[in-house]
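Going by UniProt numbering, the sequence shown opens with residue 1, and the numbers climb by one from there. Heads up: the structure comes next, in structure tokens.
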Amino acid sequence: MRVTHLGHACLLVEMADRRILIDPGNFSAGFEDLTDLDAILVTHHHPDHFDPEPAARVIRANPRASVHTDPLTAGKLAEEGLRARPSARGERFELGDVTVTPVGELHAFNHDKMPVIPNVGLVLRAEGEPSLFHPGDAYDAEPGEVDVLAHPLNAPWCASRDSIAFVARIAPRFFVPIHDALLSDRGKKMYSGHIESFAGVDGLTLRYLGDGESGVF
């Protein structure tokens, strides 16, 4: 499995001969001109995970790609004449030999002035490949055993103690920091180092991928 971090929460995952784009948002770059995609997945309808104009361009430029999004984003795309299949917790779907399992339902609580919207995390599995979990913006989903956790490193809705506890509970083999656009390089290293040191997961390996950087798992 090859994972390319396109900035913030956006990943290009290549596994089992499929090219899958996750969360093309406005803090990300490099996804706008992608072609030959097999699927475009969105966890929730916040602009840092779904930037409407460039995301719509990518959808139109990849007519054979299936589009699976949280229910709110699917409705917004329908208003633009673009078809998306709403994802729901536990309703698995297949992308070739890749099985995608939606997990979770709601975005993490931020503050009283911010409505809580749907958030559907995504677990990708294929025989002979490592599994990957992208939780979107929530720490409450139950993905089961996973190899690679794309971990939201920093956000207005999260605290370091919750972040560390989340990694400890999921207990992946690798954690790849995402959702990091609000941090300086020093801040990214500090938060990642705290998780690596304090999560208490035996064999946990940090794989930091800079913007545009790829890693093979």
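Just so you know, even glycine gets a beta-carbon here, dropped at the ideal spot from N, CA and C.
Excluding residues up to 5 positions away in sequence, GLY104 lie with their Cβ nearer than 7 Å to the Cβ of ASP140 in the same chain. Beta-bridge partners assigned by DSSP to ALA39: ILE20, SER66. In this structure, the beta-carbon distance from VAL167 to ARG207 does not fall below 7 Å. Rounded to the nearest angstrom, the Cβ distance from LEU12 to SER28 is 10 Å, too far for a contact under 8 Å. DSSP places ILE164 in the helix class (H, G or I) of the three-state scheme. Per DSSP, reduced to three states, the secondary structure at VAL13 is strand.
About 6 Å separates the beta carbons of ASP137 and TRP157, which is inside the 8 Å limit, making them a contact pair. Comparing alpha-carbon positions, the option among GLU196, LYS189, ASP97 lying closest to GLY128 turns out to be ASP97. Of the other Cβ atoms in all chains shown, 16 or more fall within 10 Å of the Cβ of HIS107; this residue is therefore buried. Runs of the alpha helix (DSSP H) spanning 4 or more residues and lying entirely within the segment 134-203 occur at 160-170, 185-198, in chain order. Leaving aside the five residues that flank LEU72 on each side, the residues in its chain whose CB is nearer than 8 Å to its CB run, in chain order, HIS44, HIS45, ILE117, PRO118. In the three-state DSSP reduction, ARG83 falls in the coil class, being neither helix nor strand. The beta-carbon separation of PRO24 and ALA55, rounded to 5 Å, stays under the 8 Å limit for a contact.
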